[in-house]
RNA sequence: CGGGGUGUGGCGCAGUCCGGUUAGCGCACCUGCUUUGGGAGCAGGGGGUCGGGAGUUCGAAUCUCUCCACCCCGACCA
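In my numbering, the protein residues as written are 38 to 526.
Below you can see the structure in the form of structure tokens.
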């Protein structure tokens, strides 16, 4: 157990906050609910971002940027959409401040805007207002645009990375000729999200459909990836929406088909956010702090030199230089820690910060022509000959990557329960925690009743569902779907 | 928005009940020396409108009033 952070098993919430702050990922901003993403945390986000950016570019998407400010009236054009976001919109009503002898600086009442402007909580409306200008013919389709941006949702309760007033994300907005093409796009992106989560973040996810009540405001269908955190709660890690013609109709976006018929465009939108960083922390972290999957770790290898004096220091520098150069040549992200702190202090600190591999090099190793390699995922530590180091480290990194995934998968499986009666359901939600796989009669009423009584919600109707022969866990009627219930973030 | 709590160097706290020296402790920070293979030691040093305002008093971190901020727990959310 670490000296500086709360115990994960005893106080999960404090553990999480401690790790985020003390590992240097983020800090609180001065406005309630805002956060500063510090360099180490931002490097982590950038690696996630770059991985996904490459995936969408490979599948024909292009990046663009739309404005932060949206006319208030735009939001109202799609009924469900406005309903979903109205309660959490930041609104710009004035454009000037002025100094006041009593109160210092005040909002200048003369600067009130005629049409108030909202800060985007998401960009469907402004993007579709533009798509109307850009789309006339089937030749303009599909239109596959993504943007990396910040959005603002004025939340009541916030938590670093998981729910902040302002957060960073990507939002893809595509336009298609047919419903089928939109559906295909929605599922393609969901698959990329699965890949991002599982292959890069080493975070196993369930893929599937959201229930009617959990879907995005304005969507026909919402698909999602859903992960289990180490406190056994669920985290929605990404969503992909088939918007049908809802926004096309709201913004009057029509195109001419090959047959010269006018038709509304079919749309999708999809997003993942900095919440993924929270997911990584809560999927892999342990009592010592973070454990970062090598593919997204800002520093895959941290070199800790062990020296007594300036003389030792230069000897070690000389010995270490080619080792590091070799790793860098192989595209390994290396960090050297030459600070004055003691080696023990650095060991603990880099363990807390989740560096996958620590490379210890002292005079003793130079004598033996080797170095000590310690892995964060399972605490193994061994001496490796100098000429074997690069190869060994590269294979270790991929080993750590898959080990973290397997550990997380095993944890999820151990905490997933198949249940066929409501008594067991209640016991698990109340005492055990975890995912519950069970039958559901498909009604809103049942879903709501279960939520009210147990706080568990339908996280996902998984693609691999098999509702035949199942009964609804609540009503006992034949199940329409097999679903996963859990308490969620 | 309801319930609870906390505001004192950068961080964490003591002191507040019962007013009275120069507001104290730990961590962090700076300097020097000795250390360095699992969170180093010693010595010296810097840093405070005690959340803001008003009041009571010879005297307020401490008592009164008031405002503000933040945190935790509940209803909504990527």
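Virtual Cβ for every residue (Gly too), placed ideally from N, Cα, C.
Test item: CB-CB of residue i and residue j under 7 Å
i, j, result
"residue 153", "residue 188", "no"
"residue 504", "residue 523", "no"
"residue 309", "residue 198", "no"
"residue 178", "residue 213", "yes"
"residue 243", "residue 456", "no"
"residue 63", "residue 57", "yes"
"residue 163", "residue 107", "yes"
"residue 161", "residue 284", "yes"
"residue 98", "residue 181", "yes"
"residue 375", "residue 339", "no"
"residue 307", "residue 351", "no"
"residue 326", "residue 389", "yes"
"residue 360", "residue 426", "yes"
"residue 476", "residue 508", "yes"
Closest residue to residue i among the options (Cα-Cα distance)
i, options, result
"residue 316", "94, 131, 196", "196"
"residue 135", "147, 184, 125", "147"
"residue 41", "59, 48, 92, 403", "59"
"residue 191", "217, 71, 247, 400", "71"
"residue 485", "120, 500, 511, 467", "511"
"residue 175", "215, 223, 221", "215"
"residue 502", "165, 245, 201", "245"
"residue 369", "359, 109, 430", "430"
"residue 407", "353, 452, 389", "353"
"residue 279", "262, 263, 256, 300", "256"
Reduced DSSP category for residue i - H, G, I as helix; E, B as strand; rest coil
i, result
"residue 285", "helix"
"residue 493", "coil"
"residue 95", "helix"
"residue 112", "helix"
"residue 76", "helix"
"residue 38", "Residue confidence for residue 38 is low, a pLDDT of 46 falling below 50, so the modelled location carries little weight and cannot support an answer."
"residue 354", "helix"
"residue 335", "coil"
"residue 431", "helix"
"residue 389", "helix"
"residue 514", "coil"
"residue 119", "helix"
"residue 485", "helix"
"residue 149", "strand"
"residue 105", "coil"
"residue 191", "coil"
"residue 415", "coil"
"residue 250", "helix"
"residue 45", "coil"
"residue 472", "strand"
"residue 330", "coil"
"residue 172", "coil"
"residue 408", "strand"
"residue 314", "helix"
"residue 209", "strand"
Buried or exposed by the 16-neighbour rule on C-beta atoms within 10 Å, applied to residue i
i, result
"residue 383", "buried"
"residue 158", "buried"
"residue 298", "exposed"
"residue 252", "buried"
"residue 89", "buried"
"residue 269", "buried"
"residue 347", "exposed"
"residue 38", "Note that residue 38 scores 46 on pLDDT, short of 50, meaning its location in the model is unreliable; the coordinates nonetheless yield the value given after this. Residue 38 comes out exposed."
"residue 44", "exposed"
"residue 193", "exposed"
"residue 104", "exposed"
"residue 227", "buried"
"residue 462", "buried"
"residue 150", "exposed"
"residue 4", "Limits of the chain in this structure are 38 at one end and 526 at the other, which puts residue 4 out of reach."
"residue 274", "buried"
"residue 381", "exposed"
"residue 142", "exposed"
"residue 443", "exposed"
"residue 114", "buried"
"residue 73", "exposed"
"residue 450", "exposed"
"residue 48", "exposed"
"residue 337", "buried"
Do the region 289-297 and the region 470-477 meet, that is, are 3 or more Cβ pairs less than 8 Å apart?
no
At least 3 beta-carbon pairs within less than 8 Å: the region 234-244 vs the region 195-211
no
Touching by the beta-carbon criterion (3+ pairs, under 8 Å), the region 431-438 and the region 319-333
yes
Counting Cβ pairs, one atom from each stretch, are 3 or more of them under 8 Å apart for the region 411-424 and the region 394-403?
yes
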